[in-house]
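Step one of this worksheet: look at the structure below.
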Amino acid sequence: MKKLLLTISTFLSILLVFSSCNDLSQNVHSDIAEQNFYETERQVLAAAGPAYSGLRTYTQIAGIWGVQELTTDETVLPTRGQHWYNDGMYQRYQRHTWHAEEGNTNIAWNDIFSGINTTNRLLHQFGEIEEKSEALELITYELRGLRAFWYFLALDMFGNVPLVTSYEEADAAPATNSRQEVFNFVEEELTSVIPNLSSEVNSNTYGRFHRWAAYATLAKLYLNAEVYTGSPRYGDALSALNAIIDSGNYSLEDNYFANFAVENQGSSENIFVIPYDHTYTTEWGSMHQPHFWTLHFVGNQAVNMQYGAWGGFAGGPEFVQSYDDADERKDIWLTGVQTTPAGDTLYNNQELPSDSALVYTESISSLENAHKNEGARLMKYDYTGAQEWSLDNDYAIYRYADILLMKAEVLMRQNGGNATSEAVTLVNEVRSRAFDNPGEHMYSTGSLTMDTLLAERGWELAGEAWRRNDLVRFDEFASGSWTFKSPVDETRNIFPIPQQQINSNPNLEQNPGY
Amino acid sequence: MGKRQIVGYRQFRNRKLVNALFMGGLVFLLLSMTVDHVFAQGQGKETIEGIVSDASTGEPLPGVNILVKGTSVGTSSNTDGSYEVTVPSLQDTLVVSFVGFQTQEVTIAGRRTIDITLQPQAISGEELVVVGYGTQTRREISGSVSSVTPEDFNEGAVSNPMQLLQGKVAGLSVVNTNGGDPTSDFEVRLRGSSSLNASSEPLVVIDGIPGGDLNQLNPNDIESIDILKDGSAAAIYGTRGTNGVILVTTKKGNAGSVQVEYSGKVQTQQIQRSIDVLSAEQYRTLKSRLSESDPDIASSMTDYGASTDWFNEVTRNPVSNIHSLALSGGMENTTYRASLYYANQQGVMLSSGQNEYRGNINLQQSNLDGRLQLDLRLGVSDLQENTVDYDAIRQSIKWNPTEPVYNESGELNEKLGAWQYQNPVGVLTERTTDDGTTRFHGDLAASLKVLNNLEVTAQAGMQSNKWLNGYYEPSYSYPQEVNGTHGTASRAAGRTTTNTFESTIEWSRDISSHSVDLIGGYSYQKFTDEGFDAENTEFITDGFSYNNLGSGSYLEEGQAGMGSYKTESKLVGYFSRLTYNFDQRYFLSASGRYEGSSKFGENNKWGFFPAVSAAWDLSNEEFTGLSEQFDLFKLRVGFGITGNQGIDPYIPLQRLNASGYFYYQGEFIPGYEPVSNPNPNLQWETKEELNVGIDWTLASGRLGGAIEYYRRDTKDLLHEYDVPVPPNLYETTWANVGSMRNSGFEVSLNTVPVQTRELNWVVDFNIEHRKNELLTLSNDQYQLEYRNEGAIGSPGIEAWSHRYEPGRSIGSIHGYRYEGLTEDGEWIFSDLNDDDQYTPEDRTYIGNGVPDFFAGLTSRLNYKNWDMTVMFRGMFGHQVINHKRIWYDNPTTLPNNIMVSAMDSEIRDDPRFSSLQVEDADFVKLDNLTLGYTLPAEQIGFRDARVFLTGTNLLLITGYSGLDPEVATGGLTPGLDDRQDYPSTRTFTLGVNLSF
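Line by line, the protein sequences give chains A and B. So in my numbering the end of the first sequence lands on 514, straight run, no missing numbers. So in my numbering the end of the second sequence lands on 1510, straight run, no missing numbers.
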């Protein structure tokens, strides 16, 4: 009996002790709870990282770059047998018959607005830090500059978008602002941060949103002001361009291709770049991958690229044929028989007889059913020896050649669309390096027209994602026609607000015509 | 001495059998058994004899256990039901027990001849059913609970206990989602899926420990499986009761000499259906035919001169074997059961298979005159799996049949650079996948009768799963050659741990016709998940495989990945249940569980989950007149609220993690960013379920059944919502918004059409109907009209496969409606918005992957020593996307191989997904056919001996043209018969069960 009582009391005490725990606090192990971060300078800088790593989404073919490029005469992604049909999306991009649910348009939107939100978030979080180091102060201005850059892209592509400038006080479902309002915001922000941004051009500011990146963005904004707001701002564009030119920080490279080399950090011409590295920049959806998207499946062997390519987009046939044959810039388009660096011929596989040599053609027989070898392949950035999934080549958003051509355009537009001698000098400066005997190929005030300027911009800047912007400004985008494209309604000059976005935010207003 | 000689003879016979058939290690056990046996019998003083028979039929019952109460002395009845037992005293009591019958105690009271009749359990409604924190008699149960005992289990080479239940329980679907892959699990659903994104898996409770892993059990150790189907029954498990509860009780030892049970099975498999693609000869014929009409295509079709049946090349006739050995016994106060299980299973696809050991021990100790009962359970298992890449099947379809498997130099024939085109044999043989898992579970339970009607219990347990996986791709394998690298190896290791503590206090009282039982309890569980993984590439030799990860060069160069993680969550619950019955006529049960989960937001961690149910047994009411025919006629109604917390931990918190490197002042440095949108308001998903049912049996149990209707409404569905960025960090946020309704009825019927001395025939049938409707996905804050799910895949098709939308049921297949072909062989789909082009607006609902009806039919026939079991299983009313047909039933896929049906196809357009490939998938399978013969055990020295032959999946009746219409029915994209799958097989198993 004593034993029984002892057992009972022990048992009940154990129960009582063990049954009293009701603590449900969470221990986080492999993430960091936010309140425990931002304690050291290193952590603060690390927190700023996403603002820049997010910029890498800019070169996505299934995203911003692709939507800007594959909708123009410069590049096209034809359906190749069973490949690249993608429910007709790429055909519709080329024909300008896209609808509001295209996946890649939505990706572009998401990349832009994630960038905006990240800068808003960091501005808020850094604002909470009381004693800011100099480095942090500078980054805060860069964040505002980056946000303005993202909004510039948003207004360029989508026109009317919600303007959200605060992280803490943002509406749950922000409403659409007009293109004019977004324009004003971008202008005000850039002009306000420019004095505070670094004016140095060295390894400390490489890949950062410095003063010249801000001026270049401002110049693009003013150059297109008539498209964006109805009122031209060429004088302001000229001041912004002159600020860059007069700074003396940039000059044209002797060799056009030096700007796109594998190790192109030393380029004196690249103004605002996105640094890539096959070891460090490895997140899917933000790598530099034109080589995968354009080369034929076995075309990787021509450039000693490690992995097989995907055989997608090619140069627009008319566009590729429009180059002067002596123009070295045409070499960005791979055509003809493909061989390995050792000179061994590459062969087709799969849909063409496997004993036939792989030949890239300039022409493309059909947008709906092209052979896998058809179309010239873009190799502006050097793909040689590409390892892993990302190129090492840093991507240039703004180049000095573009600045010079923009200035020429501004001068001509201020002169009623006619060339001035300064404009001719500027364009020839850019054009001359592309020819062995430049003398024969130079423009005069007579031969440099708005049409030839547009063409020249195309040859110089092909594959740099400015073609759509240019065509719209020259009124050749929606109303233009080329191999696979007939004129469409002007509402196609901007993209629709993605339906996916409207589904999650009913306050968004769809653009006219969609 | 004479007895000893007989035993010696038995021993010799046994040994011979065992040696001949199975393993030599048994001899030792056998010896010990024999000695024990003799020793036990030598104690006897008086001999008692008699015959044991079935009370309902008068048939003699062989194999019945007869034990002298409180001792280990006992015997079992012979084939003619007769028994003889030597007892210490004629004043003792005999305990007579047999599976499927009520255990009976018989006082000897000086008699020397005692004939015993046993009452079958199924009839009376008195058999005990485990209901979660207790047991009730079948009659007392007022919720929806089904029980399955070993005699109803499916036979064959069973490794996963859920296979035992396939087709047996109305409302429980156990679906083979990956054909014959031995490394694949089953999809288990009770009454369908009642959640969108949170878990839909039922909770498994093994011997009282919630969250058990069925794969740790030896199927032969299972005593019973009880299934809590409705909310009123499951609510005692509050938080995880939403998807129903499967309670598994394992066998315990009985006092007495050691009993040995051995079961051995050898199995082989055969492909059920293969894919009808062009043979090499047909390919050549087509090439020459097309050289006139379509020279472009014909010229791309290269004849490499060989004739290869690729499907045949990647499959084989596998042999598997499964052995189980269990020992049980004990003394008056201590009993044990220990079992060993070994399975070596080969899959029908090359290189796939697994090898597993499981060991389990149950120990029971009774102290303080039975007031204190201690139960110890320990189990370990070791599993080695070789999983394979199902892409081999797709490659076997598309590979040119004129290609040889090996080239002239004897190496695998590969086409480097071809898009997604690699030798199917290489996919299976030129990779090493060794996944090892060690499971451990142990728990100690104690129950103490503080007073005669007051019992306190405590149970503490620990389960851990540790895995160590290895993968190696040798330098000569296709992906390495394509990438120009020399070997990729990876290892992953990790551990999940569950710590459990539960305690209860139970008071019960019978006062005249009133019977009351009140239980209260506490439950604590902590779940930890942690792991590590690393990979490396570029090795100097293939000889290391994955065993020398550091010797590769990629890790050092920063090009290979390495990582580790750890998460944990906790559940704390307080629960109580009151059961009351009046005169075995009115039954009432009410329960509540107040439970908190660490996974939810700060203010919403705790939830209350009440339930109430009542039943009325009309057969015990005089006025109804039902007592004449019916043994049981019970009306039941129950209502219960349960919760679901099956989501990742930490979602409500704002967390940061590495976001990739960025370039900062001349170097790349790591960045940090938020992981997800935090939602501090995240809370329980709750489900309210109403259940009504009737249970009835008549004609002494020869006819019985149940009818149920349920309606379950899930509210505050845990779902990821699309939200705008900004202000949110990411495009999706977890929130509790939508609601959905599941309803259905279940009918089960158990009959014994023939029951004679020599012939016994039992037929069980069950059918259920399920209906799902998504009610809403929006509230004031979050709006969602619909969501598209699934991806048809490449090349060329950017289409979702499913859509869910309020007013529709989950699993709706969404795509173009096929109307025909133009003269040029181009697609004609329904142009729903008449805009002369095919846009996403033209896609519509073209099927649903969730069956409306599930049915199972089992017939068990016993004739003398022979038995035959036939089990049919079917699903009806659903559609399946025949994914393979999208590409391979289309001649534009040439020069890749195509299906024979595409040879004369009129299609000249690229593959598109439409209703053309969505097929009705109703099917009936002859799922199990078992023929058994029970040997005259006594004559050869066994307590029980049976040999059997089982065939599974022998017959498939369906209009579906693909390999197998049985594909996943759960999740958001059910009904997809993928082109990358594992073929279904027929299996043939030869087995033997011995016990002595």
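Beta carbons are placed, not taken as given, at the ideal position from N, Cα and C, and that holds for glycine. Predicted model only: the values in this text are computed from it and were never measured.
Min CB distance leucine 886/B to chain A below 8 Å: Stepping through the second sequence from its first residue, residue 886/B is reached at position 372. For leucine 886/B, the answer is yes, since a Cβ of chain A falls inside 8 Å of its Cβ.
CA nearest to the CA of glutamate 1420/B, picked from Thr1138/B, Glu1340/B, Arg891/B: Indexing the second sequence from 1 puts residue 1420/B at position 906. For glutamate 1420/B, the closest alpha carbon among the candidates Thr1138/B, Glu1340/B, Arg891/B is that of Glu1340/B.
Cβ separation of glycine 1361/B and valine 1438/B, assumed to be a contact under 8 Å, to the nearest whole Å: Counted from its first residue, the second sequence places residue 1361/B at position 847. Counted from its first residue, the second sequence places residue 1438/B at position 924. Their Cβ separation, rounded to whole angstroms, is 20 Å, which puts glycine 1361/B and valine 1438/B out of contact at 8 Å.
Valine 481/B at chain A interface by Cβ criterion, 8 Å: Because chain B here runs from 515 to 1510, residue 481/B falls outside it and cannot be looked at.
Neighbour flag for asparagine 997/B against chain A, beta carbons, 8 Å: What you label residue 997/B is simply residue 483 of the second sequence in a count that begins at 1. For asparagine 997/B, the nearest beta carbon of chain A is closer than 8 Å to its own beta carbon.
Buried or exposed (CB count within 10 angstroms, at least 16 for buried), glutamate 1142/B: Stepping through the second sequence from its first residue, residue 1142/B is reached at position 628. Glutamate 1142/B is exposed by the Cβ-count criterion.
Nearest-angstrom beta carbon gap, aspartate 896/B and glutamate 870/B [assumed within contact, 8 Å]: One-based indexing of the second sequence puts residue 870/B at position 356. One-based indexing of the second sequence puts residue 896/B at position 382. The Cβ separation is near 7 Å, so the contact holds.
Assigned secondary structure, histidine 1000/B (DSSP; H/G/I helix, E/B strand, else coil): Locating residue 1000/B in the second sequence gives position 486, where the first residue counts as 1. Looking at histidine 1000/B - three-state DSSP - the assignment turns out to be coil, as it is neither helix nor strand.
Span of the alpha helix (DSSP H) around arginine 147/A: As a first step, residue 147/A must be located in the first sequence, where it is residue number 147. Arginine 147/A: member of the alpha helix (DSSP H) spanning 134–157, first to last residue.
Pair within 8 Å by beta-carbon distance, asparagine 86/A and leucine 1298/B: By one-based count along the first sequence, residue 86/A stands at place 86. By one-based count along the second sequence, residue 1298/B stands at place 784. Not in contact: asparagine 86/A and leucine 1298/B (Cβ atoms no closer than 8 Å).
Test: glycine 1180/B CB closer than 8 Å to a CB of chain A: Here residue 1180/B refers to the residue found at position 666 of the second sequence. Cβ-Cβ to chain A under 8 Å: yes for glycine 1180/B.
Glutamate 226/A versus threonine 1483/B: straight-line alpha-carbon distance, rounded: For this step, residue 226/A is matched to residue 226 along the first sequence. For this step, residue 1483/B is matched to residue 969 along the second sequence. Pairing glutamate 226/A with threonine 1483/B, the inter-Cα distance amounts to about 57 Å.
CB contact below 8 Å: aspartate 451/A versus chain B: On the first sequence, position 451 is the one that residue 451/A refers to. Between aspartate 451/A and chain B, the shortest Cβ-Cβ separation is not below 8 Å.
Nearest-angstrom beta carbon gap, glutamate 899/B and glutamine 868/B [assumed within contact, 8 Å]: On the second sequence, position 354 is the one that residue 868/B refers to. On the second sequence, position 385 is the one that residue 899/B refers to. Taking 8 Å as the upper bound for CB-CB distance, glutamine 868/B and glutamate 899/B are in contact here, some 4 Å apart.
Neighbour list for tryptophan 933/B in chain A, Cβ cutoff strictly below 9 Å: Residue 933/B sits at position 419 when you count from the first residue of the second sequence. Result: His83, Phe297, Gly308, Trp310, Gly311, Asn349, Gln350, Lys372.
Interface partners of threonine 279/A on chain B, CB under 7 Å: As a position in the first sequence, residue 279/A is number 279, starting the count at 1. Here the neighbours are Glu1071, Gly1072, Gln1073.
Proximity winner among Asp699/B, Thr1211/B, Ser865/B, Pro1488/B, relative to serine 1323/B (alpha-carbon distances): For the purposes of this step, residue 1323/B is identified with residue 809 of the second sequence, where counting begins at 1. When only C-alpha atoms are compared, the closest one is Pro1488/B.
Amino acids of chain A, ordered along the chain, whose beta-carbon sits closer than 7 Å to that of threonine 1200/B: Residue numbering aside, residue 1200/B sits at position 686 when the second sequence is read from its first letter. Here the premise fails: no neighbours, minimum Cβ distance about 18 Å.
Best match in Ser807/B, Val772/B, Ile811/B, Arg798/B for proximity to tyrosine 818/B [C-alpha to C-alpha]: Translated into the one-based positions of the second sequence, residue 818/B becomes position 304. Of the listed residues, the one whose Cα sits closest to tyrosine 818/B is Arg798/B.
Spatial distance of methionine 958/B from glycine 931/B (CA atoms): For this step, residue 958/B is matched to residue 444 along the second sequence. For this step, residue 931/B is matched to residue 417 along the second sequence. First, the residue type needs correcting, since residue 958/B is leucine and not methionine in the sequence shown. In a straight line, the C-alpha of leucine 958/B is about 59 Å away from that of glycine 931/B.
Minimum C-alpha distance to threonine 345/A - residue among Ile332/A, Leu334/A, Trp333/A, Val359/A: Your numbering for residue 345/A matches position 345 in the first sequence. Checking every option, the nearest Cα to that of threonine 345/A belongs to Val359/A.
Min CB distance alanine 1249/B to chain A below 8 Å: In the second sequence, the residue the question calls residue 1249/B occupies position 735. Not one chain A Cβ lies under 8 Å of alanine 1249/B.
The region 901–912 of chain B: positions lying closer than 8 Å to chain A by Cβ: Cβ proximity to chain A below 8 Å picks out nothing from the region 901–912 of chain B.
Chain A contacts made by the region 1375–1409 of chain B, where a contact means CB separation under 9 Å: Cβ contacts with chain A: Trp1401, Asn1404, Thr1406, Thr1407, Leu1408, Pro1409.
Contact list for proline 232/A against chain B, beta-carbon separation under 7 Å: Residue numbering aside, residue 232/A sits at position 232 when the first sequence is read from its first letter. In chain order: nothing, as chain B lies at least about 31 Å away.
Buried or exposed (CB count within 10 angstroms, at least 16 for buried), lysine 1119/B: Stepping through the second sequence from its first residue, residue 1119/B is reached at position 605. Looking at its Cβ environment, which holds 16 or more other Cβ atoms inside 10 Å, lysine 1119/B is buried.
Members of the region 96–125 of chain A that neighbour chain B once the beta carbon cut-off is set at 7 Å: When CB distances to chain B are screened at a threshold of 7 Å, the residues of the region 96–125 of chain A falling below it are His99, Glu101, Gly103, Asn110, Phe113, Ser114, Ile116, Asn117, Asn120, Arg121, in chain order.
Near-chain A residues of the region 1288–1311 of chain B - C-beta to any C-beta below 8 Å: Going along the region 1288–1311 of chain B in chain order, one finds Gln1295, Gln1297, Leu1298, Glu1299, Ser1308, Pro1309, Gly1310, Ile1311 with a Cβ nearer than 8 Å to chain A.
Chain-order list of residues whose beta-carbon lies under 8 Å from that of arginine 1457/B (same chain, five-residue window excluded): Your numbering for residue 1457/B matches position 943 in the second sequence. Non-local C-beta neighbours of arginine 1457/B in its own chain, meaning closer than 8 Å and more than five positions away in sequence, comprise Gly577, Ser590, Gln773, Ala1451, Ser1509, Phe1510, ordered along the chain.
Beta-carbon proximity list for proline 174/A, same chain, < 6 Å, skipping 5 on both sides: Taking the first residue of the first sequence as position 1, residue 174/A is located at position 174. Excluding residues within five positions, the ones whose Cβ falls inside 6 Å are Pro162, Val164.
Outcome for valine 337/A when other beta-carbon atoms lying within 10 angstroms are tallied against a minimum of 16: Sequence index remark: in the first sequence, residue 337/A carries index 337 (1-based). Exposed is the call here.
Reduced DSSP secondary structure (H/G/I, E/B, other) of arginine 1099/B: Taking the second sequence and counting its residues from 1, the one referred to as residue 1099/B is at position 585. The answer is coil: DSSP assigns arginine 1099/B none of H, G, I, E or B.
C-alpha gap between glycine 1045/B and tyrosine 1079/B, whole angstroms: Taking the second sequence and counting its residues from 1, the one referred to as residue 1045/B is at position 531. Taking the second sequence and counting its residues from 1, the one referred to as residue 1079/B is at position 565. The alpha-carbon atoms of glycine 1045/B and tyrosine 1079/B are separated by roughly 5 Å.
Chain B contact residues for glutamate 34/A, given Cβ-Cβ distances below 9 Å: One-based indexing of the first sequence puts residue 34/A at position 34. What glutamate 34/A touches in chain B: Leu1167, Gln1168, Arg1169, Leu1170, Pro1188, Pro1192.
Backbone CA spacing between threonine 491/A and proline 512/A [nearest angstrom]: Taking the first sequence and counting its residues from 1, the one referred to as residue 491/A is at position 491. Taking the first sequence and counting its residues from 1, the one referred to as residue 512/A is at position 512. Using only the alpha carbons, I get a separation of about 6 Å.
Buried versus exposed call for isoleucine 244/A [16 or more other C-beta atoms within 10 Å across all chains shown]: The residue you call residue 244/A lines up with position 244 of the first sequence. By the 10 Å Cβ count, isoleucine 244/A comes out buried.
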